[in-house]
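Here's the structure, in structure tokens; my notes come after.
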Amino acid sequence: MNMKMRIPLLICGVFLCSFLYAQTAQDQQAGADTDTATSVVPVQLAGLWNGSDRYIYFPVPADKDFSAGLVIILKTFYGWYYDRVAEPASFSDISARSINSVTSSAAENISLQYKIIPVTYLKKKENGNSGAWEIILHYGKNSEVSVPVAVIENSLYLDFILKTDMDGIQPAVVSSLQETVADSNPLSGFWHGTGQSAGIKVSPPVVSDDFISYYITDSAVYRIRYWKTDMDYISASATFTDNNRTFAVLKHIKSAGSVYTCVTGRSLQIRNVEKIAGSLKDYTLDSTKTICVFGKPYLTRTNAFADAASVMKVVTDANARRKPDPKPLFPPDDLNWHWDEINRLEQGNPLIEAVRQRQKEFGAAAGKR
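Using my numbering, you'd call the opening residue of the sequence shown number 1345 and step up by one each time.
Here it is, written out as structure tokens:
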């Protein structure tokens, strides 16, 4: 091969390597976090939240007495005693800790960061009363857990899905018969799930190893299982078919600090999709129709403008309560004991008169002490 033929081949090789490198960098960039974590609490999360067994306090921006940390107040002893299990050290300056068999001398110190979970539905409308975030809990130096949450109005949920557009997701190997969803049904389309946490807890909570995403049409609901994987994240689609129709969903989903997949290895074909007739049950949509939550809220916000002092007042007022006395085992009744008859029967009985005399002497001696 002469020099004139080698030069064009060399140039083509350089361009090919450059293209492959650029494509790899693009995939890695697509997998990178679009929003970095911040210590500034979102407005939708700020304030005091009440749950069935705990209060959670996320500091409001105006709370100058509060450092960036989480406050957890457990409702112990069936809700009769509030235990300040987690709080910043500055809280003890505002209200001294009560040391007893429940409350320890030092509270757990859990620092916080927040990361937005972007809703990629192109027709999403802005709504300041709803959103989705990952709350990153730092337990010491070497333990970190991300808890995905969704907020609608003043309710916080752990079980939710987000509407997602597949436009621009590459590589999109989709048949020309791909299903076109109807805009008239707000549930139509692909809804991706998130890793579900056991809650916002004093110790690192358990995050689910898998979750369910949904593709919804006017005639059916398709349940797609995603599970944790150690594969590198790539921005790609995977497909499944039903009656000559092809549906595209996300191959990988990043959630709760892990990567989840719906296929094995490099495959782009989803297997074992569960088809359900009908629609979703026990769900609530936000006003933008892009956040769907299930069941009852995990927490309900009671005060969006709470500061450290008002949080401590909740604890003080609750612990000042006194549990009422239990009901007697035998309810009091208007019984007639017939004391006149008892006294008459005791008269003239030497044994009973001796007992009564000893009782009188004992009482008299006790009164002189």
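Every residue gets a Cβ at the ideal spot worked out from N, C-alpha and C, and that includes glycine.
N- and C-terminal bounds of the alpha helix (DSSP H) containing residue i
i, result
"W1683", "W1683 to E1690"
"V1658", "A1652 to N1663"
"I1461", "Note, I1461: premise wrong, no alpha helix (DSSP H); not H, not E."
"I1443", "It is not in any alpha helix (DSSP H) - I1443 carries neither H nor E in the DSSP assignment."
Beta-bridge partners of residue i, as assigned by DSSP
i, result
"E1452", "A1430"
"I1560", "G1533 and V1565"
"Y1483", "I1454 and S1487"
"Y1501", "A1494"
"E1478", "K1459 and P1492"
"V1637", "F1504 and T1628"
"T1382", "Y1458"
"N1693", "Answer is none; N1693 lacks a bridge partner."
"F1402", "G1391"
"N1647", "L1392"
"Y1425", "T1420"
Classification of residue i by the beta-carbon crowding that lies within 10 angstroms, buried from 16 upward
i, result
"G1622", "exposed"
"F1534", "buried"
"Y1365", "Residue confidence for Y1365 is low, a pLDDT of 32 falling below 50, so the modelled location carries little weight; the figure read from the coordinates is stated next. It counts as exposed."
"K1507", "buried"
"R1645", "buried"
"Q1457", "buried"
"I1560", "buried"
"F1706", "exposed"
"E1685", "exposed"
"Q1388", "buried"
"R1428", "buried"
"K1721", "Since the displayed the chain opens at 1345 and closes at 1713, residue 1721 lies outside it and no answer follows."
"P1694", "exposed"
"T1608", "exposed"
"T1583", "buried"
"F1421", "exposed"
"Q1701", "exposed"
"K1625", "exposed"
"T1660", "exposed"
"A1652", "buried"
"K1657", "exposed"
"W1681", "exposed"
"I1416", "buried"
"A1710", "exposed"
"D1503", "buried"
"Q1691", "exposed"
"Q1703", "exposed"
"F1674", "exposed"
"I1544", "buried"
Contact check, residue i vs residue j, beta carbons under 8 Å
i, j, result
"S1455", "H1482", "yes"
"I1568", "V1593", "yes"
"I1597", "Y1604", "yes"
"G1395", "F1402", "no"
"Y1566", "F1591", "yes"
"W1720", "L1643", "Here the chain covers residues 1345 to 1713 and nothing more, so residue 1720 does not appear."
"E1452", "A1433", "no"
"S1532", "D1509", "no"
"D1397", "L1418", "yes"
"I1505", "S1557", "yes"
"A1542", "I1480", "no"
"P1530", "V1489", "no"
"T1538", "S1599", "yes"
"V1463", "I1635", "yes"
"T1628", "V1637", "yes"
"Y1399", "N1663", "no"
"Y1501", "P1641", "yes"
"F1649", "V1384", "no"
"S1474", "S1631", "yes"
"K1633", "L1612", "no"
"A1564", "K1485", "no"
"S1449", "I1443", "yes"
"K1572", "S1602", "yes"
Segment limits, beta strand (DSSP E) that includes residue i
i, result
"K1667", "From DSSP, K1667 is part of no beta strand (DSSP E); its letter is neither H nor E."
"L1414", "Premise fails: L1414 is in no beta strand (DSSP E) and is neither H nor E."
My parser needs the alpha helix (DSSP H) runs of 4 or more residues fully inside the segment 1541-1621; what are they? none
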